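Input: a single structure, listed below in structure tokens.
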Amino acid sequence: MTEKIALTPATHTTPPAKFSHGVKKGNILQVAGQVGFLPAEEGKAPTPAGPTLREQTLQTFANVKAILEEGGATWDDVMMMRVYLTDVDHFAEMNEIYNSYFEEQGLKAPASARTTVYVGLPKGLLIEIDALAVLS
Amino acid sequence: MTEKIALTPATHTTPPAKFSHGVKKGNILQVAGQVGFLPAEEGKAPTPAGPTLREQTLQTFANVKAILEEGGATWDDVMMMRVYLTDVDHFAEMNEIYNSYFEEQGLKAPASARTTVYVGLPKGLLIEIDALAVLS
Amino acid sequence: MTEKIALTPATHTTPPAKFSHGVKKGNILQVAGQVGFLPAEEGKAPTPAGPTLREQTLQTFANVKAILEEGGATWDDVMMMRVYLTDVDHFAEMNEIYNSYFEEQGLKAPASARTTVYVGLPKGLLIEIDALAVLS
Numbered sequence: 001m002t003e004k005i006a007l008t009p010a011t012h013t014t015p016p017a018k019f020s021h022g023v024k025k026g027n028i029l030q031v032a033g034q035v036g037f038l039p040a041e042e043g044k045a046p047t048p049a050g051p052t053l054r055e056q057t058l059q060t061f062a063n064v065k066a067i068l069e070e071g072g073a074t075w076d077d078v079m080m081m082r083v084y085l086t087d088v089d090h091f092a093e094m095n096e097i098y099n100s101y102f103e104e105q106g107l108k109a110p111a112s113a114r115t116t117v118y119v120g121l122p123k124g125l126l127i128e129i130d131a132l133a134v135l136s
Numbered sequence: 001m002t003e004k005i006a007l008t009p010a011t012h013t014t015p016p017a018k019f020s021h022g023v024k025k026g027n028i029l030q031v032a033g034q035v036g037f038l039p040a041e042e043g044k045a046p047t048p049a050g051p052t053l054r055e056q057t058l059q060t061f062a063n064v065k066a067i068l069e070e071g072g073a074t075w076d077d078v079m080m081m082r083v084y085l086t087d088v089d090h091f092a093e094m095n096e097i098y099n100s101y102f103e104e105q106g107l108k109a110p111a112s113a114r115t116t117v118y119v120g121l122p123k124g125l126l127i128e129i130d131a132l133a134v135l136s
Numbered sequence: 001m002t003e004k005i006a007l008t009p010a011t012h013t014t015p016p017a018k019f020s021h022g023v024k025k026g027n028i029l030q031v032a033g034q035v036g037f038l039p040a041e042e043g044k045a046p047t048p049a050g051p052t053l054r055e056q057t058l059q060t061f062a063n064v065k066a067i068l069e070e071g072g073a074t075w076d077d078v079m080m081m082r083v084y085l086t087d088v089d090h091f092a093e094m095n096e097i098y099n100s101y102f103e104e105q106g107l108k109a110p111a112s113a114r115t116t117v118y119v120g121l122p123k124g125l126l127i128e129i130d131a132l133a134v135l136s
């Protein structure tokens, strides 16, 4: 019997519905769609890290990473990242931020696979990312 | 050798192409994108449960659930749900329907992770959901 | 300890950012979003197989398949394909191409699950596909 556990970093705002920020069962860890919200503050509505793609992307990475760590995983365990942007013109800048970030993280395993598509997101949000990890 | 099996509930319309409504291999179960089509009736084209978000969402849940059950899984085994809406303005209502539905289902395990994005769907469809489950 | 390996077919262009075209860890294989780019030619920018949905879809299938094979998998191992189109009016034609292609491939296992949604893609690209496989 493998137990399914919720991964809920202390920094995270309460999800707007009955879903978990992350779940882990056996060696599979799934991170829910994360956006660039700053760490939760009691009594305050979720607030993006800023209006720019850079601010939101870096905060989104931090939010994904917090969930991975809550489940005992690292970026090295991530198999797939889905990047949702709202504007095709953001692709090049997102890639720059992406590359710098992951160079700084010092990955030991090959980089994750990735799909990037352009969708609608709630007003003010420029990026959303989710991730599937397989633990060793 | 782990066998891959198709999950095809009797209630489901034939897929419009060579794909399966669900597949299971080992402990991994994948549900294809489901929409709010009513149970299949011979000689009748697939018909949405109704024009409203509520009707379509509840029917979509029923369609996902039928595939999970066909594979011996329950909502508790679901790790990730991807919710595709066509209109950002539907988010709050979808969450209400989502929360009520899962409260009624009496989950024993933590809720699944989830990503919601806004995309185009075929005319008349307001929601599509797919799901990844890991069986115990 | 299960090792994560990158799957990089010789035919593939270098990804535009620090991600892998495919990764495999244990029995899980994830193919990154593939588009209809022709096999890489040194010193030449990535070039779509042609302007039509048919050309791009068949090339995208070839690109996904190359990654599966690089990881010792086949179409029979694929659990889920995500098809991203830019235009709802392409659905019927894509399904025809899809069906013919998979009939020719001579699948021995049930067809994969699938989700199709309509999103934005970079200019000139009409289709993107990614895939999750579970090896036997």
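Chains A, B and C are the protein sequences, given in the same order.
Once you know that position 55 of the first sequence is 55 in UniProt numbering, the rest is easy, because the numbers rise by one and skip nothing.
Once you know that position 102 of the second sequence is 102 in UniProt numbering, the rest is easy, because the numbers rise by one and skip nothing.
Once you know that position 58 of the third sequence is 58 in UniProt numbering, the rest is easy, because the numbers rise by one and skip nothing.
Yeah, the Cβ is synthetic: ideal placement off N, Cα and C, and Gly gets one too.
In this text, all values refer to a predicted model and were calculated from it rather than measured experimentally.
Met-94(C) is positioned such that its CB atom lies no closer than 8 Å to that of Leu-38(C).
In this structure, Glu-128(B) and Val-35(B) form a Cβ contact; the two beta carbons are roughly 5 Å apart against a cut-off of 8 Å. Among the bridge pairs identified by DSSP, Gln-30(C) is matched with Val-23(C) and Leu-132(C). Around the beta carbon of Asp-89(B), a 10 Å sphere encloses fewer than 16 other beta carbons of the protein chains shown; the residue is thus reported as exposed.
The alpha carbon of Val-31(C) has as its nearest neighbour, out of Gly-72(A), Pro-16(A) and Arg-82(A), the alpha carbon of Arg-82(A). Taking a Cβ-Cβ cut-off of 9 Å, the neighbours of Gly-120(C) in chain A comprise Leu-85, Thr-86, Asp-87, Val-88, Val-117, Tyr-118 and Val-119, given in sequence order. For the region 9-23 of chain B, the set of positions with a beta-carbon nearer than 9 Å to some beta-carbon of chain C reads Pro-15, Pro-16, Ala-17, Lys-18, Phe-19, Ser-20, His-21, Gly-22 and Val-23 in chain order. In the structure shown, Val-117(A) adopts extended strand secondary structure according to DSSP, grouped into three states.
Not one beta carbon of chain B lies nearer than 8 Å to the beta carbon of Arg-54(C). In this structure, the straight-line span from the alpha carbon of Val-134(B) to that of Phe-19(A) is close to 16 Å. Within 10 angstroms of the beta-carbon of Asp-87(A) lie fewer than 16 other beta-carbons, which makes it exposed. For Val-31(C), the nearest CB of chain A lies under 8 Å from its own CB, placing it at the interface with that chain.
With contacts defined as CB atoms closer than 8 Å, Lys-108(C) and Asp-77(C) fail to qualify as a contacting pair. As DSSP reads the structure, Ile-67(B) sits in no beta bridge. Listed along the chain, the chain C residues whose CB falls inside 7 Å of the CB of Ile-28(B) are Met-79 and Val-134. Note on Glu-42(B): under 16 other CB atoms within 10 angstroms of its CB, so exposed under the neighbour-count rule. Membership of Ala-92(B) in the alpha helix (DSSP H) is indicated by the continuous run 91-105. Rounded to whole angstroms, the Cβ separation of Leu-85(B) and Thr-60(B) is 11 Å, and the two are not in contact under 8 Å.
Lys-44(C) is classed as exposed because its beta carbon has fewer than 16 other beta carbons within 10 Å across all chains shown. With fewer than 16 other beta carbons inside 10 angstroms of its own, Thr-14(B) counts as exposed.
Inter-residue distance for Lys-25(A) and Ser-136(B) is about 8 Å (C-alpha atoms, whole angstroms). Along the region 43-67 of chain B, none of the residues has a CB nearer than 8 Å to a CB of chain C.
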